[in-house]
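Protein sequences appear in the order of chains X and S. The first sequence begins at 1477 in the working numbering and counts up by one. The second sequence begins at 1477 in the working numbering and counts up by one. Where a beta carbon is used, it is the ideal one built from N, C-alpha and C, also for glycine. Note that the structure is predicted; figures quoted are calculated from it, not measured. What follows is a set of notes on a single structure, which appears directly below.
Protein chains: 2
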Amino acid sequence: MEQARKLQKADWIKAGLKALGTRGSAALKADILARQLGVSRGSFYWHFADVAAFHRAVLAAWEEAAVDRPYASAMVKSSDDLTTNLRALVDRAFTSPVELELAVLSWGKTFAEAAVAAERVNARRFELLSSMFTRQGQDSKAARMRAYLLLSAYLGRMHLGAVHSLDDAERGDLVALLTNGAQEAGR
Amino acid sequence: MEQARKLQKADWIKAGLKALGTRGSAALKADILARQLGVSRGSFYWHFADVAAFHRAVLAAWEEAAVDRPYASAMVKSSDDLTTNLRALVDRAFTSPVELELAVLSWGKTFAEAAVAAERVNARRFELLSSMFTRQGQDSKAARMRAYLLLSAYLGRMHLGAVHSLDDAERGDLVALLTNGAQEAGR
DNA sequence: GACTCTCCATACACAGATGTATGGTATTGC
DNA sequence: GCAATACCATACATCTGTGTATGGAGAGTC
């Protein structure tokens, strides 16, 4: 009975995130999205004061989805071995979409709040990974270098996806490479 | 006597590359660049048939500067030790600007030729780094994983520059980490 | 010193996108 | 069953950017 349900704010944001991932921040226009959703811009300007407000809403939705959700689940099962936890985190990260990262990063060139949000997201990821490596036995300097490296490898997917992508065995080698030199006695 | 020299095609392309790096591909408009250069759009349309032609020219200039120049100089001095060569390449790469990478990659969302060029550039970099690691003694699989990792670390600068950047010591640790396990007997 | 070639300004028509004003329809609460 | 609320269409003014047409200034050539 609700086959042609009216749109809500969340529907516009969802469409915005989709457009952001596939066509970049230039696609976040009321005109384009309205046609895409099959409505007029009257709907857009009912839900949002202007495009800037819409942009802020889309950005906030991205930030929530980019960090809070996946990394919260990563913290839960910090059980026994940190290496296996890291391996699980890497497997999950390397098999999930990454297009939005690029769009938000480059969005920062024309929308300052996007640059701030992207930096905040990556800072949180960096601190989390650094602490994992220190708890694993690395000293602070080595842990930060490895966190940088692992996070870069994750983000590198959007640059190198078409050139080379790490398969399951390579991801295992990667984790082994990053966790060696600090737990010879622990194995 | 040539204080107010007239513009040439190369001047527009140079301004285009600068705008691309600082404000993204959205800044590559005849209107904006003309105001920025202190001339009218009449000049633009004398040098270029349309904006698409200008975009292609800017992209070609980027590709030439991104690969042909730095990597050609890297191949020249492939002298004795590959580890020291790699270290020199890493030092040079990690102390040169990287903003254009992001701009070109995200440009690919709205300009297909940019995506093709970016992939071609990264493919060439990847093959070059892979061959360096294989010549250093790594097997093919490990070499490709390390090439992916190193290239990602380079590209990661534009994402993580504000969060963390690798100093001289960390770059040394990075090269050591990537080249170990294959030359214990060689040292 | 006319001629050509290079570079640029101005003016126009047009397309795409924003924001506002106003009215309309459908649904929900009472 | 009616009024309020939520959602959307239409029309208008405005702004930004494109592309074209036309003419003009300046330097070099013969």
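Just the chain X side, please: which residues come within less than 7 Å of Asn1598(S) by C-beta, in chain order? Here the question's residue 1598(S) lines up with position 122 in the second sequence. Within 7 Å Cβ-Cβ: His1635, Leu1636, Val1639.
Suppose contacts are defined by Cβ-Cβ distances below 7 Å. Is Ala1638(X) in contact with Glu1539(S) by that definition? One-based indexing of the first sequence puts residue 1638(X) at position 162. One-based indexing of the second sequence puts residue 1539(S) at position 63. In this structure, Ala1638(X) lies away from Glu1539(S), with their beta-carbon atoms at least 7 Å apart.
By DSSP, does Gln1512(X) sit in helix, in strand, or in coil? On the first sequence, residue 1512(X) is found 36 positions in, with the first residue counted as 1. The answer is helix: DSSP assigns Gln1512(X) an H, G or I state.
Measuring CB to CB, does Arg1622(S) end up less than 7 Å from Phe1609(S)? Against the second sequence, residue 1622(S) aligns to sequence position 146. Against the second sequence, residue 1609(S) aligns to sequence position 133. Yes. Within cutoff.
Against Ala1502(S), what residues of chain X qualify as contacts under a CB-to-CB distance less than 8 Å, listed in chain order? Position 26 of the second sequence holds residue 1502(S). Those are Ala1502, Lys1585, Thr1586, listed as they occur along chain X.
N-terminal and C-terminal residue of the alpha helix (DSSP H) that Gly1518(S) is part of: Taking the second sequence and counting its residues from 1, the one referred to as residue 1518(S) is at position 42. Run containing Gly1518(S): 1517 to 1523, per the alpha helix (DSSP H) assignment.
Should the region 1522 to 1542 of chain S be called in touch with the region 1485 to 1497 of chain S, which here means at least 3 C-beta pairs below 8 Å? yes
Apart from the five residues on each side of it in sequence, which residues of its chain come closer than 7 Å, Cβ to Cβ, to His1531(S)? Numbered from 1 along the second sequence, position 55 holds the residue referred to as residue 1531(S). Cβ neighbours of His1531(S) beyond the five flanking positions: Leu1504, Phe1587.
Cβ closer than 7 Å: which chain X residues qualify as neighbours of Arg1499(S)? Here residue 1499(S) corresponds to residue number 23 of the second sequence, with the count starting at 1. Within 7 Å Cβ-Cβ: Lys1585, Thr1586.
In the region 1612 to 1624 of chain X, which residues sit with their C-beta less than 9 Å from some C-beta in chain S, listed in chain order? For the region 1612 to 1624 of chain X, residues whose beta-carbon sits nearer than 9 Å to a beta-carbon of chain S comprise Lys1617, Ala1618, Arg1620, Met1621, Arg1622, Ala1623, Tyr1624.
Between the C-alpha atoms of Glu1575(S) and Arg1481(X), what's the straight-line distance to the nearest angstrom? Reading the second sequence from its first residue, position 99 is the one you call residue 1575(S). Reading the first sequence from its first residue, position 5 is the one you call residue 1481(X). Glu1575(S) and Arg1481(X): Cα-Cα distance of roughly 44 Å.
Min CB distance Leu1565(S) to chain X below 7 Å: Counting from one through the second sequence, the residue named residue 1565(S) turns up at place 89. By this cut-off, Leu1565(S) is not an interface position.
Might you give, ordered along the chain, the residues of its own chain that have their beta carbon closer than 6 Å to the beta carbon of Ala1593(S), omitting 5 neighbours on each side? Position 117 of the second sequence, counted from the first residue, corresponds to residue 1593(S). Here the set comprises Leu1535, Glu1539.
Comparing C-alpha positions only, which one of Ala1618(X), Arg1517(X), Thr1560(X) sits nearest to Ser1641(S)? Start at 1 with the first residue of the second sequence, and residue 1641(S) comes out as number 165. For the residues Ala1618(X), Arg1517(X), Thr1560(X), the minimum Cα distance to Ser1641(S) belongs to Ala1618(X).
In the DSSP assignment, find the alpha helix (DSSP H) that holds Gly1497(S) and state where it starts and stops. Residue numbering aside, residue 1497(S) sits at position 21 when the second sequence is read from its first letter. Unbroken alpha helix (DSSP H) run through Gly1497(S): 1485 to 1499.
Does the Cβ of Gln1614(X) have 16 or more other Cβ atoms within 10 Å, making it buried, or fewer, making it exposed? Numbered from its first residue, the first sequence carries residue 1614(X) at position 138. Buried is the call here.
Say whether chain X places a C-beta atom closer than 7 Å to the C-beta of Leu1493(S). As a first step, residue 1493(S) must be located in the second sequence, where it is residue number 17. Not one chain X Cβ lies under 7 Å of Leu1493(S).
Please classify Arg1620(S) as buried or exposed, where buried requires at least 16 other C-beta atoms within 10 Å of its C-beta. As a working note, residue 1620(S) is residue 144 in the second sequence. Arg1620(S) is buried by the Cβ-count criterion.
Does any residue of chain X have a CB that is nearer than 7 Å to the CB of Gly1518(S)? Reading the second sequence from its first residue, position 42 is the one you call residue 1518(S). Not closer than 7 Å to any Cβ of chain X, the Cβ of Gly1518(S) fails to qualify, so no.
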